[in-house]
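First to last, the protein sequences are chains A and B.
When we follow the working numbering, the leftmost residue of the first sequence carries the number 1, and every step to the right adds one.
When we follow the working numbering, the leftmost residue of the second sequence carries the number 1001, and every step to the right adds one.
The structure under discussion appears below in the form of structure tokens.
Protein chains: 2
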Amino acid sequence: MSNKTQPRILPGFMELLPEDQIQFNRMYDTIRRVYERYGFLPLDTPTIELSEVLLAKAGGETEKQIYRFEKGDSDLSLRFDLTVPLARYVAQHFPDLAFPFKRYQMSKVFRGERPQKGRFREFYQCDIDVIGSESLDLVYDAEMPAIIYEVFRELDFGAFTIRMNNRKVLNGFFAELGYSDKIGDILRTIDKLEKVGSDAVKAELAEFGVSEEDSLKILSFIAIKGDNDEVLAALEAQEIANEQYREGVSELKSVIGYLRRFGVAEEAFRIDLTIARGLDYYTGTVYETMLNDYPSMGSVCSGGRYDNLTEYYTDQKLPGIGISIGLTRLFYQLRENGIVKSGSSSIARCIVIPMGEDDMNSAIAAAAVLRGEGIPADVYYQQKGMKQKMKYAARLGVPYAAIIGESERESGSVMLKNMETGEQESVPVSGLAAKVR
Amino acid sequence: MSNKTQPRILPGFMELLPEDQIQFNRMYDTIRRVYERYGFLPLDTPTIELSEVLLAKAGGETEKQIYRFEKGDSDLSLRFDLTVPLARYVAQHFPDLAFPFKRYQMSKVFRGERPQKGRFREFYQCDIDVIGSESLDLVYDAEMPAIIYEVFRELDFGAFTIRMNNRKVLNGFFAELGYSDKIGDILRTIDKLEKVGSDAVKAELAEFGVSEEDSLKILSFIAIKGDNDEVLAALEAQEIANEQYREGVSELKSVIGYLRRFGVAEEAFRIDLTIARGLDYYTGTVYETMLNDYPSMGSVCSGGRYDNLTEYYTDQKLPGIGISIGLTRLFYQLRENGIVKSGSSSIARCIVIPMGEDDMNSAIAAAAVLRGEGIPADVYYQQKGMKQKMKYAARLGVPYAAIIGESERESGSVMLKNMETGEQESVPVSGLAAKVR
């Protein structure tokens, strides 16, 4: 082995065994199917972009994580999210797009952060966004959680809650207290409430010059609890004249109303005033999604509304709303929590196994029958002993093995073995598809 | 616009409008579906690998094209094909894989070559490979073109021909002439025959020390034509004792025999002795695929057999066979040739259009009915005039628009407009799915 290179990948990169990749792909395909069912259009922007374009807005932490390099005379970067490329795309192709522009993109993004458990340097984001030209109706704010609802019902990982808030409610409330100029700081601070607790939040708010009295007001405001109608009533009852606050409450009420019309079960969404989404660009509705039985996983699908996506590229006013599922991290967490189990999946529904060389033609024909019915089928072509052939079938985790020997070949049948129960039965090739589907 | 960044991408990168992306994705999905139907397992290796690992073998032209950069202390590269990552993967995960290991990977690869028409720096490769441990039966050499056959029939771009050869036939023939030590040079030279003509090939062969007499022998050998059985008979009739030659002819004969059993139409495959596939690592069967009406497009799917994929990483002997479709380039060429037409596709089958705000609930409900039947549907939520709403539907290219006004709302129906013919009819919501499917 002396001059062999040790085969390995970098830390912080996910690479799966085939049986796990199949499960990952099923999740990917489910998300894509729901996105398409709502009429979202596919995009596939380049992985590599000009740094000047991609980093028109970025700064601070984000910029440090970028994979950035030179090739020829060009200063290049790998995309670090799908939102900036969307902004660039919409600004660039504006005349060729119909608005509202609804697109999905489900691609890898890259962030060279310090690798740690559950953090990846290369990971899939599954995004949908709707971009309006000049304006975008509030119904879209309800369509987003309706889609989240459908995605997570189809993914079938148990009960979940879509927590919603509206940044105008928070902004207006903070402005009313006299902190218009510190809204960003306050938002980022209360965003950490669940993680660090109220004492730490109070201490940090004090650093920003928020009085202890106001800190308590803020904490008691965002602690307003109850069912959606109760929270709405409490918000409306607040003696706050601030116009932005009033607008935010009214928006929240409308969105909740639409959500009900979308048929989303009441227990699946909840107004939660602690949801702030620290990212600066959100301006209205914001979302987080929790799996009820796994709160430690944090939000598995987040997003919100922004007023102007493309301001770094164009003077057009393009408000939008979007959500994102970090699929790589989600898959990792589902496996860590035993919700997705390793090694129990296969592509082929059936593997056809010829006993001897003379049975090869029959095996090829039997597999063709299955494939003709759209059923993935494999054939074992290697000339090995039956023991080894069956071992291969077991390793693949394929549900059925169709064995063909002399008598099967002559009668146009297979010996169909259920690999899980071990049961065997003789099945005519013409009836094979119905049995293994 | 003074301090706006001009939104743009790099030359040599493909970015599509949504209606084209839909067509691209249909091709992608078709290829994937066929690969899975044959039981190939999905892989998704990292985009970024350690240079030391990825470039264990590379050199010359390839290495110059690599996107290579440092991040932290690591020397990194973007993958330039899917074959080297497969070799690394198989060597790394050997104990966890079942052999023969059949995998597909359909991902972007990166080559920083000089951009030119139809050449891309970032492009999709759609690969399947079968890797055996120690040995791999010849039937797999026939399964590959059987899969190519099914892929290109389903892609439905007209007649195509899979051209096949066997490197042992060529190697044995050149060895018989006494050029065992120049086989690589000769192969790369005759590979250019179609492009540069026989005079240029003769001149280049002379440079490598091939006598004029032998040049003529080589050219007349690879010019052997006829149907598959005629070519096989001509090859068998050659007075060549060389063992490798005999083995190659025998393999070619077996593969052709198996191909017929796979049900591949005789006109779709042809032994063509000019097919050399200059890449050094092929050792047996080689393939190229031509669209009959568009020979100038060159090969749209190529591949072959190699004896030892992983020699740079492990002492295990792992022979394999694989094919690759360069999807980005293929899509580009199909569009250039007018085979794929721009702008005639949409995700949604139907867009539901509420005439006024009061019709919104009915519109949401009608869309839910369609989606419940798995039919992608869109709803226009913006409060605009009907003219603008219909214009949006037309821009999207969606086949049907379901318009809901007061009378439709009250009768539980929609006014269904066929956007292509302009015909309209009143359809009850319960019958909508059947109409637009």
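Glycine included, C-beta positions come from ideal geometry on N, C-alpha and C.
These figures come from a predicted structure and were not determined experimentally.
Does the CB of residue i have a neighbour CB from chain B at under 8 Å?
i	result
Q92 of chain A	yes
I22 of chain A	yes
T5 of chain A	yes
V340 of chain A	no
K195 of chain A	no
I445 of chain A	Nothing in the structure corresponds to residue 445 of chain A, since chain A is present only between 1 and 437.
S74 of chain A	yes
K108 of chain A	yes
Y287 of chain A	no
Y392 of chain A	yes
Taking C-alpha atoms, which residue in the options lies nearest to residue i?
i	options	result
R1088 of chain B	B:E1406, B:Y1313, B:V1340, B:A1394	B:Y1313
M360 of chain A	A:C350, A:K387, A:Q382	A:Q382
F1024 of chain B	B:N1171, B:S1342, B:V1053, B:D1044	B:S1342
E1267 of chain B	B:D1227, B:P1399, B:A1146	B:D1227
M144 of chain A	A:L82, A:L219, A:F269	A:F269
M1014 of chain B	B:K1387, B:G1405, B:Q1333, B:A1402	B:Q1333
E1036 of chain B	B:S1135, B:V1151, B:R1068, B:K1057	B:V1151
K1391 of chain B	A:Y380, A:L97, A:G303, A:T328	A:L97
P1295 of chain B	B:F1160, B:V1034, B:F1110	B:F1160
K417 of chain A	A:E357, A:I186, A:I353	A:I353
V109 of chain A	A:F120, A:D315, A:N166	A:F120
L1330 of chain B	B:K1389, B:T1062, B:F1040, B:Y1028	B:Y1028
Can you tell me whether DSSP reads residue i as helix, strand or coil?
i	result
I355 of chain A	Residue identity check: residue 355 of chain A is Met in the sequence provided, not Ile. Three-state result, M355 of chain A: coil.
L17 of chain A	coil
V1436 of chain B	helix
A1206 of chain B	helix
Y1313 of chain B	coil
K108 of chain A	strand
N3 of chain A	coil
N1166 of chain B	strand
E1266 of chain B	helix
D293 of chain A	coil
Q1388 of chain B	helix
Y38 of chain A	coil
E1134 of chain B	coil
M27 of chain A	helix
R45 of chain A	The amino acid at residue 45 of chain A is misidentified as Arg; the sequence shows Thr. Looking at T45 of chain A - three-state DSSP - the assignment turns out to be coil, as it is neither helix nor strand.
M144 of chain A	helix
N337 of chain A	coil
Assuming the contact rule is C-beta atoms closer than 8 Å, residue i and residue j should be a hit. Round their C-beta distance to whole Å, please.
i	j	result
V369 of chain A	A434 of chain A	The pair is not a contact, with the Cβ atoms about 11 Å apart (cut-off 8 Å).
T45 of chain A	P85 of chain A	4 Å
T274 of chain A	E194 of chain A	7 Å
R114 of chain A	D272 of chain A	That pair is no contact at about 30 Å.
D1076 of chain B	I1048 of chain B	Note on identity: in this sequence residue 1076 of chain B is Leu, with Asp being the wrong assignment. Their Cβ separation, rounded to whole angstroms, is 5 Å, which keeps L1076 of chain B and I1048 of chain B in contact under 8 Å.
Using a beta-carbon distance below 8 Å, is residue i in contact with chain A?
i	result
P1100 of chain B	yes
N1025 of chain B	yes
E1015 of chain B	yes
A1434 of chain B	no
P1042 of chain B	yes
R1371 of chain B	yes
S1077 of chain B	no
K1253 of chain B	no
Under 7 Å between beta-carbons, which chain A residues line up against residue i? List them in chain order, please.
i	result
R1395 of chain B	A98
V1139 of chain B	M360, Y381
A1056 of chain B	T5
Just to make sure I have the definition right: I need the residues of chain A whose C-beta is within less than 9 Å of the C-beta of residue i. Which are they?
i	result
E1122 of chain B	P46, T47, I48
Strictly below 8 Å CB to CB, what residues from chain B border residue i?
i	result
D378 of chain A	Y1038, G1039, K1102
I487 of chain A	Residue numbering for chain A in the displayed model covers 1 to 437; residue 487 of chain A lies beyond these limits and cannot be assessed.
Starting from residue i, find everything on chain B with Cβ-Cβ shorter than 7 Å and list it in chain order.
i	result
V53 of chain A	T1005, P1007, R1008
F262 of chain A	I1364
K71 of chain A	Y1067, G1112
I147 of chain A	Correct list: empty, because the minimum Cβ distance to chain B is about 10 Å.
R88 of chain A	P1007
P18 of chain A	L1041, P1042, L1043, R1103
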